[in-house]
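**Student:** Oh and the sequence shown: position 14 is -3 in my numbering, straight run, nothing missing.
Following this message is one structure expressed as structure tokens.
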Amino acid sequence: GANTVQYGGNTSCVEVNAGGRAIILDAGTGIIPLGRELVKKQNLEILLLFSHLHHDHTQGFPFFVPTYMPKAKLHIYGPGGTAETVKHVLEHNQSSDTFPVSLRDMASNKDIRSLHESQVIVWEEDGVWVHESSPSPSPEAVVIRIHKSHAHPGGVYHYRITYQNKSVVYATDTEGYVGMDRKLIQFSRDADVLIHDAQYSDEHYITTQGYGHSTATMAGQVAASAETGQLILFHHDPSYADDAVAAQEHTAQNIFPDARAAFEGMVIDLMQIETMAKEVQYASHD
-16 GANTVQYGGN
-6 TSCVEVNAGG
4 RAIILDAGTG
14 IIPLGRELVK
24 KQNLEILLLF
34 SHLHHDHTQG
44 FPFFVPTYMP
54 KAKLHIYGPG
64 GTAETVKHVL
74 EHNQSSDTFP
84 VSLRDMASNK
94 DIRSLHESQV
104 IVWEEDGVWV
114 HESSPSPSPE
124 AVVIRIHKSH
134 AHPGGVYHYR
144 ITYQNKSVVY
154 ATDTEGYVGM
164 DRKLIQFSRD
174 ADVLIHDAQY
184 SDEHYITTQG
194 YGHSTATMAG
204 QVAASAETGQ
214 LILFHHDPSY
224 ADDAVAAQEH
234 TAQNIFPDAR
244 AAFEGMVIDL
254 MQIETMAKEV
264 QYASHD
């Protein structure tokens, strides 16, 4: 609406394009316009990573156009207690009581599995592989490591995506600790971009402790301690108008000057940081 023109209002979805390979983080409603763009580009081998399986991170998946295309190949991974957890959640979301098209009837070729945090995802020229231990990737591989956090109800996966010595860390739906989240700081160390949950203002947080979300202050402290290149404030509270999100950005910049609030259509080209052709495109922010 009129109060969210600057930052937008779709739920969580981020695209990382690494050497032409499309990696999507979460499938909130931001994945709907992203899907249409990928079809236009004929970029139909896609790695979709769920941070967790709450509704606002899965609700766009049934409307993701590539899932209906027989030529599309989707690797769909996320957390879960069993190997079938991700598949079961997606099937439930598209049961006959809730959606007219079942997961099975989507025509794309889908590899759906739940991962544990010790596994490493490697996207080589010959495909996407999941390794049980530290791999020896080629120089052109995309390597994705997982950090499991309990700072969100039910747990959440954070991802570190590395390509040609550049790294992006995606840490949504996480809540800060007294003295900061030291494990997340270590996981994010020296990343070029840290995308960090910053749902609440400091005042709002007082009444929402334990909900599994951070403040802009918490995000700024993590970025400063991890010495990241940039901080992107993410998962804005749905009740916040543009002026409230702008205030969040200002709060974080007082701690970490290179902080910005995510907005729909935001693009960061890491060639501008140094010398690597990699884009990080933010399809949406909530």
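Positions of the beta carbon are idealized from the N, C-alpha and C atoms, including for glycine.
Taking the straight line between their C-alpha atoms, what separation do you get for Ser121 and Glu100?
**Tutor:** Answer to the nearest angstrom: the Cα atoms are 22 Å apart.
**Student:** From this set, Ala199, Gln77 and Ile29, which residue's C-alpha is nearest Ala1's C-alpha?
**Tutor:** It is Ile29 whose Cα lies nearest to the Cα of Ala1.
**Student:** So, are the CB atoms of Asp9 and Val22 less than 8 Å apart?
**Tutor:** Contact: no.
**Student:** Entirely within the segment 171 to 222 and at least 3 residues each: give me those beta strand (DSSP E) ranges in chain order.
**Tutor:** If we require 3 residues or more, the beta strand (DSSP E) runs fully inside the segment 171 to 222 come out as 176 to 180 and 213 to 217.
**Student:** Is it true that the CB of Gln213 sits closer than 8 Å to the CB of Asp175?
**Tutor:** In this structure, Gln213 lies closer than 8 Å to Asp175 by Cβ.
**Student:** According to DSSP, simplified to helix, strand and coil, what is Tyr160?
**Tutor:** Coil at Tyr160, not helix or strand.
**Student:** Ordered along the chain, which non-local residues of its own chain (more than five positions away) have a Cβ less than 7 Å from that of Ser208?
**Tutor:** Correct list, in chain order: Met163 and Ile168.
**Student:** Where does the unbroken beta strand (DSSP E) through Ile6 begin, and where does it stop?
**Tutor:** Run containing Ile6: Arg4 to Leu8, per the beta strand (DSSP E) assignment.
**Student:** If I measure Cβ to Cβ from Tyr265 and keep anything under 6 Å in the same chain, skipping five residues before and after, which residues do I get?
**Tutor:** Residue placement at Tyr265 is flagged as unreliable, the pLDDT there being 45, under the threshold of 50; the coordinate-derived value follows with that caveat. Closer than 6 Å at the Cβ level, and outside the excluded window around Tyr265, lie Val(-3), Ala245 and Met249.
**Student:** List the endpoints of the continuous alpha helix (DSSP H) containing Leu98.
**Tutor:** Counting along the chain, Leu98 falls outside any alpha helix (DSSP H), and DSSP gives it neither H nor E.
**Student:** Taking DSSP as the reference, what is the three-state secondary structure of Lys166?
**Tutor:** Three-state result, Lys166: helix.
**Student:** Please name the residue or residues paired with Val103 in a DSSP beta bridge.
**Tutor:** Looking at the DSSP assignment, Val103 forms a beta bridge with His114.
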